[in-house]
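Just so you know, the sequences run in chain order L and Z. Here my numbering = 1-based position in the first sequence + 927. Here my numbering = 1-based position in the second sequence + 927.
Protein chains: 2
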Amino acid sequence: MTTTKAACVGRPRGFDIDLALEQALNVFWRNGYEGTSLNELTEAMGIKKPSLYAAFGNKEQLFFKAIDLYENRPDSLINIAFQHERVADVIRGLLLGAAAQFTDCSHPQGCALMNSTFSCNEASESIKQTVLKRKSKHKQRLVDRFELAQNQGELQESCDPEVLASLMTALFQGLSMQASEGASLDELQKVATMAAEGILTVNVKR
Amino acid sequence: MTTTKAACVGRPRGFDIDLALEQALNVFWRNGYEGTSLNELTEAMGIKKPSLYAAFGNKEQLFFKAIDLYENRPDSLINIAFQHERVADVIRGLLLGAAAQFTDCSHPQGCALMNSTFSCNEASESIKQTVLKRKSKHKQRLVDRFELAQNQGELQESCDPEVLASLMTALFQGLSMQASEGASLDELQKVATMAAEGILTVNVKR
DNA sequence: TACATTTTGTACCGATAGGTATAAAATTAT
DNA sequence: ATAATTTTATACCTATCGGTACAAAATGTA
Chain L
928 MTTTKAACVG RPRGFDIDLA LEQALNVFWR NGYEGTSLNE LTEAMGIKKP SLYAAFGNKE
988 QLFFKAIDLY ENRPDSLINI AFQHERVADV IRGLLLGAAA QFTDCSHPQG CALMNSTFSC
1048 NEASESIKQT VLKRKSKHKQ RLVDRFELAQ NQGELQESCD PEVLASLMTA LFQGLSMQAS
1108 EGASLDELQK VATMAAEGIL TVNVKR
Chain Z
928 MTTTKAACVG RPRGFDIDLA LEQALNVFWR NGYEGTSLNE LTEAMGIKKP SLYAAFGNKE
988 QLFFKAIDLY ENRPDSLINI AFQHERVADV IRGLLLGAAA QFTDCSHPQG CALMNSTFSC
1048 NEASESIKQT VLKRKSKHKQ RLVDRFELAQ NQGELQESCD PEVLASLMTA LFQGLSMQAS
1108 EGASLDELQK VATMAAEGIL TVNVKR
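And the structure:
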């Protein structure tokens, strides 16, 4: 009479659900949420619409799961950069890492979160809000890290950690957009280097 | 037998074509190209679809005309900033001007060109290409101005005008996005100030 | 007044959007 | 073998997309 058993009865799923989700992420990454149609998704995932809906709910929920996958990648930009001890290395790591990751040819160019947020009319307001929430969560991590650095005397007293985090975010958005538009790794590295140089000179004690 | 006369016969147009175009620009500015539907346009412009098509061609041509209107505004950011003699003032003017203009409440937030470029799937590739061309034209104006400044000894020899122009463009994109997401004038001014400070310290002789 | 011309509103077009009803196919449990 | 369950493929749904045919309305010209 133990009815709490996992469901393994019925016809087995004919595709790898994790791999399908990864393909979906790639499409959203490339085209954004509104720019991606169900047909594009099913084609990329190699499944038909009813299978997609049975496995992922609907387009919106599929998007959220794809973004979860994106943010939990081991090579997450912010996670890698935060491994550095000195805030100067964190800042350099974030900017140079963004240049590298946004132009990595093994996946679509730019940042998936930045690419997805645009051109969402009122219909997909929840998408916009969710992406905004994620972005502000990431920004808060930057704020916390910079506040820590300031408390440890690494940052000038004149430096507002909030403003510095906003500036970093703005640079990510710019780098992401330029990568999406086809900028090369070399170009973005130069831009990131110049940006880092200015930020470090003004805000970091030495 | 002079047949080359202007057309002033027939039922007169019942709306102001310039004002209608301005309304169309506002909608594109707010929602981007793909995010804007014909119904939204006609409602905002106060006309019906056949009138729109008779006056402007189609959605794509209407968009191009709206962007023309946007770029030929007298208070164009770049035109104002370029009035300064010293490149330091130009850079400050561009960044602070962007902060001010992108948060100006008399029109949608952010830069219309930046807002429009996103989420264009293959169907509207020509839109994407056109917007890209406009953006790179603006970037080239920055490159030229910075090259001039370097020739006049205002910029460090180590400064690559191309890279500096890319960095400025990236900052515009970031500021535009943050404005679109609801950032205040005060926030953006602080970000722009910090960015300008870093750029000037590193690249401008004094 | 009759006509040519242009704009207007209505009503429609085919294509595509996201999403689903349905029944056949493929599996485990009895 | 039969039943229960789940996934599959086909075919369809309604809503909306950009765009247009058509006739009535409004003007200038003859």
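Glycine included, C-beta positions come from ideal geometry on N, C-alpha and C. Quick caveat, the model's predicted, so the values are computed rather than measured.
Buried or exposed (CB count within 10 angstroms, at least 16 for buried), residue i
i	result
V1014 of chain Z	buried
G1125 of chain Z	buried
T929 of chain Z	Unreliable positioning characterises T929 of chain Z in this predicted model, as indicated by a pLDDT of 33, which lies under 50. A coordinate reading is not provided.
K986 of chain L	buried
D1087 of chain L	buried
A947 of chain L	buried
Q1077 of chain L	buried
R1019 of chain L	buried
T969 of chain L	buried
T963 of chain L	buried
G984 of chain L	exposed
L1075 of chain Z	exposed
G1101 of chain L	buried
E1012 of chain Z	exposed
R938 of chain Z	exposed
G959 of chain L	buried
K1055 of chain Z	buried
T931 of chain L	Only weak support exists for where T931 of chain L lies, its pLDDT of 35 falling under 50; the value from the coordinates is given anyway. Exposed, because fewer than 16 other Cβ atoms sit within 10 Å of the Cβ of T931 of chain L.
Among the options, nearest to residue i - alpha-carbon criterion
i	options	result
D1113 of chain L	L:T963, L:N958, L:G1024, L:L996	L:G1024
L1021 of chain L	L:I994, L:F1073, L:E1052, L:R938	L:F1073
F1099 of chain Z	Z:E1084, Z:V1118, Z:E1081, Z:E1089	Z:V1118
E1108 of chain Z	L:L1115, L:M1041, L:A1106	L:M1041
N999 of chain Z	Z:R1061, Z:V1129, Z:G962, Z:R940	Z:R1061
Q950 of chain L	L:I1005, L:R1133, L:H1034	L:H1034
N1006 of chain Z	Z:Q1079, Z:R1133, Z:S978, Z:L1069	Z:L1069
L1082 of chain Z	Z:C1032, Z:I1054, Z:R1133	Z:R1133
C1032 of chain Z	Z:D945, Z:Q1079, Z:R957	Z:R957
Proximity of residue i and residue j at Cβ, strictly below 8 Å
i	j	result
C1038 of chain Z	S1103 of chain Z	yes
Y997 of chain L	L952 of chain L	yes
T1044 of chain L	Q1036 of chain L	no
A1154 of chain Z	V954 of chain Z	Any answer about residue 1154 of chain Z is impossible in this case: the structure gives chain Z only from 928 up to 1133.
K976 of chain Z	L965 of chain Z	yes
Q1105 of chain Z	S1093 of chain L	yes
M1121 of chain Z	V1090 of chain L	yes
K1064 of chain Z	T1096 of chain Z	no
E967 of chain L	S1051 of chain L	no
I974 of chain L	F942 of chain L	yes
T1057 of chain L	F1009 of chain L	no
T1128 of chain Z	V1129 of chain L	yes
Q1028 of chain Z	L1004 of chain Z	yes
Cross-chain neighbours of residue i in chain Z, by beta carbon under 9 Å
i	result
S1093 of chain L	G1101, Q1105, A1110, E1114, L1115, K1117, V1118, M1121
Under 7 Å by beta carbon: chain Z residues contacting residue i
i	result
A1008 of chain L	Neighbours of A1008 of chain L on chain Z: none; closest Cβ ~18 Å, over 7 Å.
E949 of chain L	Going along chain Z, no residue has its Cβ under 7 Å from E949 of chain L, so there is no contact; the nearest lies around 20 Å.
Contacts of residue i in chain L (Cβ-Cβ under 7 Å)
i	result
E1126 of chain Z	In the sequence as presented, Glu is not what sits at residue 1126 of chain Z; that position holds Ile. Within 7 Å Cβ-Cβ: G1125.
L1059 of chain Z	E1108
V1090 of chain Z	K1117, V1118, M1121
Beta-carbon neighbours of residue i, restricted to chain L and to distances below 9 Å
i	result
L989 of chain Z	The premise fails here: L989 of chain Z is roughly 17 Å from chain L at the closest Cβ pair, so nothing lies under 9 Å.
D1087 of chain Z	K1117, M1121
L1098 of chain Z	L1094, A1097, L1098, G1101, A1122
Interface residues of chain L facing residue i [CB-CB closer than 8 Å]
i	result
V1129 of chain Z	M1121, E1124, G1125, T1128
G1024 of chain Z	Simply none; closest approach about 15 Å.
Contact test: residue i Cβ vs the ligand ATP heavy atom, cutoff 7 Å
i	result
E1081 of chain L	The model on display carries no ligand, and the ligand ATP is accordingly not part of it.
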